[in-house]
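Colleague:
Numbering (the numbering used here), first residue to last: 377 to 612.
1) Count the other C-beta atoms from every protein chain shown that fall within 10 angstroms of the C-beta of residue 473, then say buried if there are 16 or more, exposed otherwise.
2) Following the continuous beta strand (DSSP E) through residue 484, name the residue where it begins and the one where it ends.
3) On the DSSP bridge list, what partners appear for residue 345?
4) Buried or exposed for residue 572, please, with buried defined as at least 16 other CB atoms from any protein chain shown within 10 angstroms of its CB.
5) Check whether the region 474-493 and the region 444-451 touch, using three or more Cβ-Cβ pairs below 8 Å as the test.
6) Comparing the C-beta of residue 566 with each C-beta of chain C, is any distance below 8 Å?
7) Specify, as a first and last residue, the run of the beta strand (DSSP E) that residue 578 falls within.
8) Return the residue from the list 539, 479, 499 that minimises the CA-CA distance to residue 418.
9) Can you give me the start and stop residues for the beta strand (DSSP E) that residue 502 sits inside?
10) With a CB to CB cut of under 8 Å and the five nearest residues on each side skipped, what residues in its chain are close to residue 577?
11) How many angstroms separate the CA atom of residue 456 from the CA atom of residue 575?
12) Over what stretch of residues does the alpha helix (DSSP H) that includes residue 517 continue unbroken?
13) Would you mind sorting residue 554 into buried or exposed? The rule is 16 or more other CB atoms within 10 Å of its CB.
14) With C-beta atoms as the reference, is residue 519 less than 8 Å away from residue 415?
15) According to the neighbour-count rule (16 or more other Cβ atoms, all chains shown, within 10 Å of its Cβ), is residue 465 buried or exposed?
16) When DSSP builds the beta bridges, which residues end up paired with residue 528?
17) Could you tell me the alpha carbon to alpha carbon distance between residue 410 and residue 463, rounded to whole angstroms?
18) Exposed or buried, what is residue 497 when buried is set at 16 or more other beta-carbons lying within 10 Å of its beta-carbon?
19) What residue from 403, 413, 535 has the CA that sits closest to residue 569's CA?
20) Taking DSSP as the reference, what is the three-state secondary structure of residue 446?
21) Output the boundary residues of the beta strand (DSSP E) element that contains residue 460.
22) Per DSSP, which residues does residue 542 bridge with? Please list them.
Right under this line is the structure:
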């Protein structure tokens, strides 16, 4: 009697676990994400028109920035480390008292187009911070910082939660590996973003009604197509 009870309880818990896994509230998958890279105001040629709705959505500059965002192959959700110092006042074991926080750079890799427009985008962005042309001048902080958003998507490609990197910029542009022995491999660009801090942001609920409709028309289709892009290109 007791054995049957516990056996039935085990099956019930297993079915509940499987139901959670299959539901919309199931486990997050590392392959379901979205990255939104917003260019800084210093990149005048790449900024979008903040005043319009449809013109902004389908403008050429916005389209290019969207492609760069969707070509992000890998990226890290950032961590957070609390800074502590020893409090030796009083008796007993020493306390570690928190006095601040620190963040590591966020590493990402981007697929490269034939013309390396993704590399040029981040190179031009870096040149706002420090120009390696003739003058070797440093730029104004407000001109080269921007936000980078990283979203977790569910099985229906909806944004469930996001992380926003505030005052971000491409701190490091890595080298690009090429080789005759890797004829079918896609070229990739490693980029490390520096930023001041990050915060958790909402998913779809944070956008207004018109923006949600617009992004449903454009984003979902692009997400599905670009998610299968590497698999398709490997067959060519």
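Even for Gly, the Cβ is constructed at its ideal location relative to N, Cα and C. Nothing here was measured: the structure is a model prediction, and the numbers come from that model.
Modeller: From the atom records:
1) The residue you call residue 473 lines up with position 97 of the chain shown. Counting Cβ neighbours within 10 Å, residue 473 comes out exposed, since fewer than 16 surround it.
2) For this step, residue 484 is matched to residue 108 along the chain shown. It spans 482-487 - the beta strand (DSSP E) in which residue 484 sits, taken as one unbroken run.
3) A question about residue 345 goes unanswered here, because the residues of the chain that appear run from 377 up to 612.
4) Sequence index remark: in the chain shown, residue 572 carries index 196 (1-based). So residue 572 counts as exposed.
5) yes
6) This model lacks chain C altogether, as it is built from one protein chain only.
7) Translated into positions along the chain shown, residue 578 becomes position 202. Residue 578 -> beta strand (DSSP E) spans 573-578.
8) As a first step, residue 418 is located in the chain shown; it is residue number 42 there, counting from the start. Residue 418 has its Cα closest to that of 499, out of 539, 479, 499.
9) On the chain shown, position 126 is the one that residue 502 refers to. Where residue 502 is concerned, there is no enclosing beta strand (DSSP E), although the alpha helix (DSSP H) it sits in stretches over 493-505.
10) The residue labelled residue 577 in the question sits at position 201 within the chain shown. Answer for residue 577: 525, 537, 538, 539, 540, listed in chain order.
11) Here the question's residue 456 lines up with position 80 in the chain shown. Here the question's residue 575 lines up with position 199 in the chain shown. Cα-Cα distance, rounded: 10 Å.
12) Counted from its first residue, the chain shown places residue 517 at position 141. That run of the alpha helix (DSSP H) goes 517-520.
13) Taking the first residue of the chain shown as position 1, residue 554 is located at position 178. Looking at its Cβ environment, which holds fewer than 16 other Cβ atoms inside 10 Å, residue 554 is exposed.
14) Walking along the chain shown from the start, residue 519 turns up at place 143. Walking along the chain shown from the start, residue 415 turns up at place 39. Against a cut-off of 8 Å, the Cβ pair of residue 415 and residue 519 comes out as no contact.
15) Stepping through the chain shown from its first residue, residue 465 is reached at position 89. Label assigned to residue 465: exposed.
16) Within the chain shown, the letter at position 152 stands for residue 528. Residue 528 is bridged to 409, 537.
17) Stepping through the chain shown from its first residue, residue 410 is reached at position 34. Stepping through the chain shown from its first residue, residue 463 is reached at position 87. Cα to Cα, residue 410 sits roughly 43 Å from residue 463.
18) For the purposes of this step, residue 497 is taken as the residue at position 121 of the chain shown. Flag for residue 497 reads buried.
19) Numbered from its first residue, the chain shown carries residue 569 at position 193. Ranking the options by Cα distance to residue 569, first place goes to 413.
20) By one-based count along the chain shown, residue 446 stands at place 70. Residue 446 falls in the helix class under three-state DSSP.
21) Taking the chain shown and counting its residues from 1, the one referred to as residue 460 is at position 84. 457-463 is the span of the beta strand (DSSP E), which, as asked, contains residue 460.
22) Counting from 1 along the chain shown, the entry for residue 542 is found at position 166. In the DSSP output, where bridge partners are listed per residue, residue 542 has 573.
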